[in-house]
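Asks: Shown below is the structure under consideration.
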Amino acid sequence: MHLEFNVEGGDFSNAGSASSQIKRVLKQLNIDPSVIKRVVVALYEAEVNIVAHAYRGKIDAEISSSGIVLKLEDEGPGIPDVEKAMTKGFSTASKEVREMGFGAGMGLPNISDNSDVFTIDTIVGKGTSLNIEIKFR
Amino acid sequence: MKVSEICSLIEGVVVIGESRLDDEVEYAFASDLMSDVLTVKIQNFILLTGLCNIQSVRTAEMSDVPYMIVCRNKQVTPDMLEIAEESNIVIICTQYSLFRCAGLLYSNGLKPVY
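If you're matching them up, the sequences are chains A and B in order. Mapping of the first sequence onto the working numbering: position 15 corresponds to residue 20, and the numbering continues sequentially without gaps. Mapping of the second sequence onto the working numbering: position 15 corresponds to residue 51, and the numbering continues sequentially without gaps.
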C-alpha cells in the first residue's frame with residue numbers, strides 16, 4: 006500500500022495530520038500497538054521537523070506485510086552538520102517552534118531510536134531527505 | 037486510580053471524555069516539553085502539562101496517551117477537542133499548577149514512568 010502526503014512549512018495547525026492518518030491505517034491493519042507507536046513517533050518527529058524548518062515537503066509511505074518504509078523529502082535550508090544535529094540537546098529551532106513544545110534537540114535522535122533503519126541525505130540550501138524503515142516483527 | 041478520583045484530587049473538570057471516568061490509570065508523566073513526551077516508551081499513561089495547544093493533543097495521540105491534565109486554567113480550543121474526540125482522549129482541566137497536581141497524584145498512588 007502506498008500513501009502520499011504534502012506538508013507545508015510553518016503550518017503548525019496541520020502538523021501531525023499525515024502521521025495521524027498513517028496511524029489509523031496501521032491500526033486497521035492490526036499491526037502490534039507497540040510497533041505502531043514507534044512508527045508514528047518517528048514519523049511525527051520528522052513531520053514536525055518539516056513544518057519547523059523547511060518551506061514544504063512530501064511524505065511517501067510504503068506499507069508491506071513485513072514493515073513500513075517512510076521517505077520524507079523537503080525543500081529547505083538543509084542541515085550543515087548532520088552529526089551535530091544528531092546530538093541530543095542541539096537545536097536550531099525558532100521561538101515559535103519551542104512554544105509548541107518542540108525544539109529541544111531530541112527529534113532526530115528519537116527518530117533514530119524508534120527506527121530499524123534511519124538515513125539522512127541533505128544538501129545545504131536545497132533540502133533534506135529522510136529514510137525511515139521499521140519492521141512489523 | 038480511577039479517572040474520577042484523579043478529578044476529585046485536583047478539582048479537575050472533564051472537558052471531553054466523560055464516558056471514561058471509571059477507567060483505571062497506573063502511570064503518569066508531567067512535562068511541557070512534547071519532545072520529551074515522545075520519548076516515553078510505555079503506553080496508556082496520564083500526561084500532566086501546562087502546554088495547551090493543538091500539538092500537545094497531537095503528541096498525546098501519537099504517544100498513545102489516553103488521558104491529559106491541562107493545568108492552570110488554560111483554555112482548550114475547538115481544534116484540540118476535535119482531535120481528542122477522534123482519538124478518544126480524555127482532557128481534564130484544573131486551576132492547580134503542574135507541581136501541585138503532580139504532588140497530589142504521586143502522594144495518592146499514581147506511579148512515575150521513570
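Heads up, the beta-carbon is just placed ideally off N, CA and C, and yes, glycines get one too. For clarity, every value in this text was computed on a predicted model and none was experimentally measured.
Should residue 125 of chain A and residue 50 of chain A be called a contact, given that it needs their Cβ atoms to be closer than 8 Å?
Replies: no
Asks: Could one say the Cβ of residue 90 of chain B lies closer than 8 Å to chain A's Cβ atoms, at least one of them?
Replies: yes
Asks: Please name the residue or residues paired with residue 127 of chain A in a DSSP beta bridge.
Replies: A:133
Asks: Any beta-carbon of chain A closer than 8 Å to the one on residue 97 of chain B?
Replies: yes
Asks: Touch check for the region 88–102 of chain B and the region 31–49 of chain A: three-plus C-beta pairs under 8 Å?
Replies: yes
Asks: Pick from B:127, B:78, B:138: whose alpha carbon is nearest that of residue 88 of chain B?
Replies: B:127
Asks: Mind checking whether residue 79 of chain A and residue 132 of chain A have CB atoms under 8 Å apart?
Replies: yes
Asks: Determine the extent of the alpha helix (DSSP H) in which residue 115 of chain B is found, giving its start and end residues.
Replies: 114–122
Asks: Between which two residues does the alpha helix (DSSP H) holding residue 28 of chain A run?
Replies: Its alpha helix (DSSP H) spans residues 22–33.
Asks: How would you write the range of the beta strand (DSSP E) that residue 76 of chain A sits in, first residue to last?
Replies: 72–80
Asks: Does the Cβ-Cβ distance between residue 104 of chain B and residue 83 of chain B come in under 8 Å?
Replies: yes
Asks: Is it a yes or a no for the region 89–103 of chain A touching the region 25–33 of chain A, going by three-plus beta-carbon pairs under 8 Å?
Replies: no
Asks: Residue 94 of chain B: buried (16+ other C-beta within 10 angstroms of its C-beta) or exposed?
Replies: buried
Asks: 8 Å is my cut-off, CB to CB: does residue 109 of chain A come that close to chain B?
Replies: yes
Asks: Tell me whether residue 114 of chain A sits in a helix, a strand or coil according to DSSP, three-state version.
Replies: helix
Asks: To the nearest angstrom, how far is it from the Cα of residue 138 of chain B to the Cα of residue 129 of chain B?
Replies: Going by the C-alpha atoms only, they are around 14 Å apart.
Asks: Can you list the residues of chain A that residue 117 of chain B reaches, using a CB-CB cut of under 7 Å?
Replies: Within chain A, no residue has its CB atom less than 7 Å from the CB of residue 117 of chain B, the nearest being about 14 Å off.
Asks: Should residue 52 of chain A go down as buried or exposed, given a rule of 16 or more other Cβ atoms within 10 Å for buried?
Replies: With 16 or more neighbouring CB atoms inside 10 Å of its own CB, residue 52 of chain A falls in the buried class.
Asks: Which residues share a DSSP beta bridge with residue 62 of chain A?
Replies: A:12, A:79
Asks: Span of the beta strand (DSSP E) holding residue 66 of chain B?
Replies: DSSP places residue 66 of chain B inside the beta strand (DSSP E), whose first and last residues are 63–66.
Asks: Beta carbon of residue 66 of chain A: closer than 7 Å to some heavy atom of the ligand GDP?
Replies: Among the components of this structure there are no ligands whatsoever, and the ligand GDP is therefore not found.
Asks: Helix, strand or coil: which one does DSSP assign to residue 132 of chain B?
Replies: coil
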